[in-house]
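Some notes on the structure that comes next.
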Amino acid sequence: MEVLIWLLVGYGLIILQGVMSARDRYFSKRQIEIWGGNAYSFLQHGGIWSDLIIMTPLVTYLLKKHDFPLLSQSGSLAIIISTAVVLTFGKMYRENGKKFPEAHTHDGKTTGAGILHGIYSVIVLWIFLKFYFGEISPSPTVKELFGVAVLLSIHIPLGIIKFTHKWKLTLTAIWQIGSVWILIWVVTGIRIAQTVGL
360 MEVLIWLLVG YGLIILQGVM SARDRYFSKR QIEIWGGNAY SFLQHGGIWS
410 DLIIMTPLVT YLLKKHDFPL LSQSGSLAII ISTAVVLTFG KMYRENGKKF
460 PEAHTHDGKT TGAGILHGIY SVIVLWIFLK FYFGEISPSP TVKELFGVAV
510 LLSIHIPLGI IKFTHKWKLT LTAIWQIGSV WILIWVVTGI RIAQTVGL
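In my numbering, the protein residues as written are 360 to 557.
Following this line, the structure appears as structure tokens:
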């Protein structure tokens, strides 16, 4: 049941972001050009494509394979941490959206699509925090820990990239990608060491 609910919620939130972006006239490059804007569209956002083809299926797999006591004490802590992380990054993206407007943030504000993306991100981060740090059963295998780390490592740069020639890889983006990659692999290494009994 959790799997079906997640599929509906996960893909539903992505579709609703597209709908909200279209209402905001930020869905496609063409829609932005019609009103004369200079911004990144919803469809140019690499993270949306990664959410569709990597993150939602990955969370679906984890929910199908493992029992996540999401409302346990560690689950409650994970939701608080997830929310704090997403709000912190949301503030940073909102500031960046003043210079580089996009479907999720522009004019110094988080859009409806941005709020929905934040909700999606909180849920996904909540699941991954439980996967790495919570009590789930069965415990993750070394193969799963490694596989999840690889897929997260692919997702991180896609979450920042905009599919347009206007987008440039900045020092800030490199710092974000690199620091999150280090975090992912350090945590994965620790969990693998615990799993094999080192």
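Even for Gly, the Cβ is constructed at its ideal location relative to N, Cα and C.
Keep in mind that this is a model prediction, so the values were computed, not measured.
key: Nearest-angstrom Cα separation, counted from T464 out to Y452   = Between Y452 and T464, the C-alpha separation is close to 7 angstroms.
Of the listed residues L511, H524 and G506, nearest to I551 (C-alpha basis) = Answer by Cα proximity: G506.
C-beta contact flag for P460 and A398 at 8 angstroms = Yes; because the gap between Cβ atoms is below 8 angstroms, this pair is in contact.
Coil, strand or helix - D410 by DSSP = Helix at D410.
query = Would you say the region 367-378 touches the region 476-488, given that touching needs at least three Cβ pairs under 8 angstroms?
reply = As far as the Cβ criterion goes, the region 367-378 touches the region 476-488, which means the pair count is three or higher.
inquiry  = I believe H524 touches I413 by the beta-carbon criterion, under 8 angstroms. Please report the beta-carbon distance rounded to the nearest angstrom.
reply    = H524 to I413, Cβ: 24 angstroms. No contact.
Secondary structure of H514, DSSP reduced to three states = Of the three classes helix, strand and coil, the one that applies to H514 here is helix, per DSSP.
request  = Could you check the C-alpha separation between G434 and L510 for me, to the nearest Å?
outcome  = Between the alpha carbons of G434 and L510 lies a gap of roughly 23 angstroms.
ask   = Cα separation between T554 and P499?
value = Spanning the two alpha carbons is a distance of roughly 8 angstroms.
request  = Spell out a yes or no on whether the region 529-537 and the region 431-445 are touching, meaning 3 or more CB-CB pairs, one atom from each, closer than 8 angstroms.
outcome  = At 8 angstroms Cβ cutoff, the stretches do not touch.
query = Any idea what DSSP makes of T554, helix, strand or coil?
reply = Of the three classes helix, strand and coil, the one that applies to T554 here is helix, per DSSP.
inquiry  = Starting from H476, trace the alpha helix (DSSP H) in both directions and tell me its first and last residue.
reply    = That run of the alpha helix (DSSP H) goes G471 to F492.
inquiry  = Give me the residue from F490, L372 and G467 with the minimum Cα distance to G456.
reply    = Comparing Cα positions, the closest option is G467.
query = Between L422 and E494, which are expected to be in contact by the criterion C-beta below 8 angstroms, what is the C-beta distance as a whole number of angstroms?
reply = About 15 angstroms separates the beta carbons of L422 and E494, which is beyond the 8 angstroms limit, so they are not a contact pair.
request  = Work out the CA separation of I364 and I504 for me, nearest whole Å.
outcome  = Going by the sequence as given, residue 504 is Leu instead of Ile. Taken atom to atom, the span from the alpha-carbon of L504 to that of I364 is near 24 angstroms.
message = Please tell me whether G371 and T415 are closer than 8 angstroms, where the distance is taken between their beta carbons.
response = Going by beta carbons, G371 and T415 fall outside the 8 angstroms limit.
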